[in-house]
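Input: a single structure, listed below in structure tokens.
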Amino acid sequence: MSYSFFGTCFEDIEILVDCLISMADQSIVPNEIIIIDSSKKPINYNLFDDIFDRKITSIKYENIKLPRVEALNYAISKANSDYLFRFDTRTRFSSNYAEEALKILNKQNISKIDIGGVGGRQAAYPANESKNAKIAASIMDRAYIFGNPLYRRIEYSGIVNSIYLGCYPKNVLEETPFREEISLISEDSQLCQDIISKGYLIYKSKKLQLKYLCRQNIINVLKLFRNYGRCRARTIISAKTIHDKKKYILIFIIALIIPILNFLIFKEKVFFSILFILLVPLSYNIFHEIKDYGFKKIFYMPFLGLIAQLNWGLGLIETFIFFKFIKSNKSNFLK
6 MSYSFFGTCF
16 EDIEILVDCL
26 ISMADQSIVP
36 NEIIIIDSSK
46 KPINYNLFDD
56 IFDRKITSIK
66 YENIKLPRVE
76 ALNYAISKAN
86 SDYLFRFDTR
96 TRFSSNYAEE
106 ALKILNKQNI
116 SKIDIGGVGG
126 RQAAYPANES
136 KNAKIAASIM
146 DRAYIFGNPL
156 YRRIEYSGIV
166 NSIYLGCYPK
176 NVLEETPFRE
186 EISLISEDSQ
196 LCQDIISKGY
206 LIYKSKKLQL
216 KYLCRQNIIN
226 VLKLFRNYGR
236 CRARTIISAK
246 TIHDKKKYIL
256 IFIIALIIPI
266 LNFLIFKEKV
276 FFSILFILLV
286 PLSYNIFHEI
296 KDYGFKKIFY
306 MPFLGLIAQL
316 NWGLGLIETF
326 IFFKFIKSNK
336 SNFLK
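The opening position of the sequence shown corresponds to residue 6 in the working numbering, with each subsequent residue numbered one higher.
Written out as structure tokens, the structure is:
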């Protein structure tokens, strides 16, 4: 029962090292590490020799300029293992990550439907010890800011419609590769949707623990949410799919129906109307902040969450409006 870690990197060797170390420290050692690097300068092979036992783990590294989605499919084509685990340079895996994932992937469920992929919740941790970095990580770690999807919830284990990175049987990824449409950057959720359409289940386990190295400050995180909104719009337009219909119906109601009704009711009271509109998502944030973290946690987090959500919405809307002007941009790497 062999497995490989596969993934891409782009001008971020300084954060790749800790990711590689977490792969090398797995309780079940990986058979292969497959890296497609789009950086201008290739990585020195001595780095791999310092971290891995090359007699046990084969290193397949190529320095080639490709958009990220194409690079992921190229990495898959290079794999010889039974199972493929995707990595991101900002991810650090717990030592039993691969062992737990393999257990789930090999376990046949009651209804005899194969598990097409399994993943864990990414717990954000700060880039440094500054207060700014810690608050930035707290924003990224709160599921409710992202709409509270199941795969971001701390204690949830079960069937989901998307996972972060993910662990897959090789035959599943060969049957259902990453889509290579123009500007398709939200590849995790789209891949999961395509796998589900083939009759497989996607499973999230709280036993699969991994950490996500957050951006260095609050401003960078807020900018990242705008990019997330852009990526989601591009995925919807390119792939013509919506993965979580209930979530987007709710967004449609909050972003369009409520504002229209609000302005019709209050008419000339524009300031009051805008304030009322913002109170809807803010109330949602405050409720979940108290429910999930209690009164003793950071009281201003719901407000920062609201700014992040507004940035996401801005990125989504502007991309829908201006997509025809930017659709020629190839998907690559979020910095």
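Note that beta-carbon positions come from the ideal geometry of N, C-alpha and C, so glycine has one too.
Exposed unless 16 or more other CB atoms sit within 10 angstroms - verdict on residue i
{"i": "D55", "result": "exposed"}
{"i": "E160", "result": "exposed"}
{"i": "R239", "result": "buried"}
{"i": "N85", "result": "exposed"}
{"i": "G171", "result": "buried"}
{"i": "L280", "result": "exposed"}
{"i": "S2", "result": "Outside the modelled stretch of the chain, which goes from 6 to 340, sits residue 2, for which no answer is possible."}
{"i": "P174", "result": "buried"}
{"i": "P47", "result": "exposed"}
{"i": "N176", "result": "exposed"}
{"i": "S116", "result": "Note that S116 has pLDDT 43, beneath the 50 cutoff, so the model's placement of it is unreliable and the number below is only indicative. Exposed, since its Cβ has fewer than 16 Cβ neighbours within 10 Å."}
{"i": "N316", "result": "buried"}
{"i": "S100", "result": "exposed"}
{"i": "F304", "result": "exposed"}
{"i": "S135", "result": "exposed"}
{"i": "F292", "result": "exposed"}
{"i": "M6", "result": "exposed"}
{"i": "I223", "result": "buried"}
Residue i, DSSP secondary structure in three states
{"i": "Q31", "result": "coil"}
{"i": "R231", "result": "helix"}
{"i": "C172", "result": "strand"}
{"i": "N36", "result": "coil"}
{"i": "S63", "result": "strand"}
{"i": "D23", "result": "helix"}
{"i": "N85", "result": "coil"}
{"i": "R184", "result": "coil"}
{"i": "K112", "result": "coil"}
{"i": "R220", "result": "coil"}
{"i": "D297", "result": "helix"}
{"i": "Y149", "result": "helix"}
{"i": "I18", "result": "helix"}
{"i": "N133", "result": "coil"}
{"i": "F281", "result": "helix"}
{"i": "I241", "result": "helix"}
{"i": "P307", "result": "helix"}
{"i": "G320", "result": "helix"}
{"i": "I48", "result": "coil"}
Limits of the unbroken alpha helix (DSSP H) element including residue i
{"i": "D55", "result": "51–56"}
{"i": "I159", "result": "Element bounds for I159: n/a, residue is neither H nor E."}
{"i": "A142", "result": "136–146"}
{"i": "Q195", "result": "192–202"}
{"i": "R73", "result": "73–82"}
Beta-bridge partners of residue i, as assigned by DSSP
{"i": "L215", "result": "F98, Q127"}
{"i": "N68", "result": "D42"}
{"i": "G122", "result": "I207"}
{"i": "V165", "result": "I207"}
Cβ-Cβ separation, residue j to residue i (assumed contact under 8 Å), whole Å
{"i": "I81", "j": "T62", "result": "That pair is no contact at about 18 Å."}
{"i": "A141", "j": "V226", "result": "4 Å"}
{"i": "F92", "j": "M28", "result": "7 Å"}
{"i": "G121", "j": "K203", "result": "7 Å"}
{"i": "N36", "j": "Y79", "result": "With 8 Å as the limit, N36 and Y79 do not qualify as a contact, their Cβ atoms being about 19 Å apart."}
{"i": "F15", "j": "S43", "result": "5 Å"}
{"i": "K209", "j": "S162", "result": "6 Å"}
{"i": "N166", "j": "I201", "result": "7 Å"}
{"i": "L218", "j": "R95", "result": "4 Å"}
Extent of the continuous beta strand (DSSP E) to which residue i belongs
{"i": "S9", "result": "8–14"}
{"i": "Y88", "result": "88–92"}
Proximity test, Cβ basis, 7 Å: residue i and chain D
{"i": "Q214", "result": "The chain inventory of the structure shown lacks chain D, comprising one protein chain alone."}
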